[in-house]
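As numbered in this note's numbering, the sequence shown has no gaps in its residue numbers, which increase by one up to the final residue, 332.
Ideal placement from N, C-alpha and C gives every residue a C-beta, glycine not left out.
For reference, the structure discussed in these notes is given below.
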Amino acid sequence: MKTVGITRRTALAGLALSPLARPALAQVGDGWPRQPVRIIVPYPAGGSTDVLTRILAERLKDKLGGTWVIENRPGAGGNVGIDGVAKSEADGHTIGSATVGHFSINQYLYAKMSWDPDRDLAPVSMTWELPNVAVVPSEHVPAKTLAEFIAWAKAKEGGIFFGSPGVGTTPHLSGALFCTRNGIRGTHVPFRGAAATIPAMLKGDVQFAIDNLASYTGIIESGQMRALAVTSPTRWPTMKDVPTMKEAGMDDFVVTSWAAFVVPKATPPAVVQKLSQALQEISKEPSVQERFQIAGARVLGTPPEEVTSLGHKERPMWQEMVRVSGAKLE
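In structure tokens form, the structure reads like this:
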């Protein structure tokens, strides 16, 4: 007699499709969380992903109860942390704070990937969207506008250095595209997050960055950095005097960095739905919207399928940007 093996994933998939199983799945969702929930942030502490994730974790704790712990696990453009999520127990107690790079960029950047976003991860909800901002250190760069900076950079002997939180990140690809399109000799300098990029810029070692606005809001407000333009389609509400790239003379340069919560693929659908619904409700809270806006981002809450749809839609654009940058990693 032939024995047919049933894997845990197959069993869960069958339960999800069976009307008789719905009460059982509801109980799974109702009983969650049963233990501390880890949210793995695949970037260093202090950066935009870390700061914004902590705001959401605080509200999730208030809304769903239990203990919520942030675990920073940086490395390999965020691949290390998300690999940890993909290989975790699929019981709803490990969540990943993933970004556009995990959905639409890294597969074109790295020669080998230990995980696949479609195969190994289940999306939960979009969490936020934010523009990048073109910034220069006020003490070391005299340019007051983007056009002045382009002229200054092109005339600078030896070119300029631009920073980013790592190879293949949206700041790196944005900076590379900017330099290529404007004929600027720009050398990319990767750092371990904005917390390391900013001191280098303030010392004058790096003259430029097109980095996540949420990481630079405070330093711009202090006057130590000068914002030349934002990469959003319209001006940012808390920085209405800063032009968009189009207004500053750069057509077709709308680049936003977005993020979403993910869980291991076989996580029970009831848990995914409960978490997604909580995030959608949190995103509608005026106090949360205000905190995100002040931090330089727009909070989002969506059904899981919207994450997949956007990730697939943006892949051709980012694939081309990786090609232009010439970046390739093992």
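Can you give me the start and stop residues for the beta strand (DSSP E) that D213 sits inside?
It spans 210-214 - the beta strand (DSSP E) in which D213 sits, taken as one unbroken run.
According to DSSP, H190 sits in a beta bridge with which residue or residues?
F164.
How would you label P173, buried or exposed, when you count the other beta carbons within 10 angstroms and need 16 or more for buried?
buried
Who are the Cβ neighbours of Q282 in its own chain at under 8 Å, not counting the five residues just before and after it?
S127, G303, T304, P305
Helix, strand or coil for T232 per DSSP?
The question names Thr, but residue 232 is Val in the sequence shown. It is a strand residue.
Determine the DSSP secondary structure at T246, reduced to helix, strand or coil.
strand
Classify H314: buried if its beta carbon has 16 or more other beta carbons within 10 angstroms, exposed otherwise.
Exposed.
For the candidate residues R56, T129, C181, P201, whose alpha-carbon lies nearest to that of I212?
C181
Taking just the CA atoms, how far does A198 sit from E91?
33 Å
Less than 8 Å between the CB atoms is what I'm expecting for R40 and V71, so what's the real figure, rounded?
5 Å
Using only CA atoms, which one of Y45, V102, P125 lies nearest to V264?
The residue with the shortest Cα to Cα distance from V264 is P125.
Here's a check: name, in chain order, each residue in its chain whose Cβ is nearer than 8 Å to the Cβ of L148, leaving out the five neighbours to either side.
Once the five neighbours on either side are set aside, the close Cβ partners of L148 are A136, L230, A231, P245, M247, A250, G251, M252.
Which word fits I42, buried or exposed, when buried means at least 16 other C-beta atoms lie within 10 angstroms of its C-beta?
By the 10 Å Cβ count, I42 comes out buried.
Closer than 6 Å by C-beta to V324: which residues in its own chain qualify, once you throw out the five before and the five after it? Chain order, please.
Y110, L111
Give the single residue among S285, Q321, E307 whose Cα lies nearest to the Cα of A59.
S285
Counting C-beta neighbours from all protein chains within 10 Å, is the total for I200 16 or more, i.e. buried, or is it exposed?
buried
Does DSSP put Y112 in a helix, in a strand, or in coil?
strand
Give the straight-line distance between the Cα atoms of R183 and H142, rounded to the nearest whole angstrom.
23 Å
Which residue from M115, F294, T96, K267 puts its Cα closest to that of H104?
With distances taken between Cα atoms, H104 lies closest to M115.
By DSSP, does L148 sit in helix, in strand, or in coil?
helix
Terminal residues of the continuous alpha helix (DSSP H) containing R183?
Looking at the DSSP string, the run of the alpha helix (DSSP H) that includes R183 is 172-184.
Among the residues of its own chain, which have a CB less than 6 Å from the CB of R317, if the five just before and after it don't count?
S106
According to DSSP, is M252 part of a helix, a strand, or is it coil?
coil
Please state if the CB of G168 and the CB of A79 are separated by a distance shorter than 8 Å.
For clarity, residue 79 is Gly in the given sequence; the question names Ala instead. In this structure, G168 lies closer than 8 Å to G79 by Cβ.
Compute the Euclidean distance between the alpha carbons of L312 and K146, then round it to the nearest angstrom.
35 Å
Quick check on P393: does DSSP put it in helix, strand or coil?
No answer is possible for residue 393: the residues shown for the chain start at 3 and end at 332.
According to DSSP, L132 sits in a beta bridge with which residue or residues?
S259
Using DSSP's beta-bridge definition, name the partner residues of L331.
Answer is Y112.
So, helix, strand or coil for M337, using DSSP?
A query on residue 337 cannot be resolved here, the shown segment of the chain reaching from 3 to 332 and no further.
Kindly indicate the opening and closing residues of the beta strand (DSSP E) around S99.
96-101
Under the DSSP definition of a beta bridge, which residues are partnered with L123?
P266
Using the rule of at least 16 other Cβ atoms within 10 Å of the residue's Cβ for burial, across every protein chain shown, is T69 buried or exposed?
exposed
Output the distance between the C-alpha atoms of V102 and Q279, rounded to the nearest integer angstrom.
If you take the alpha carbons of V102 and Q279, they lie about 21 Å apart.
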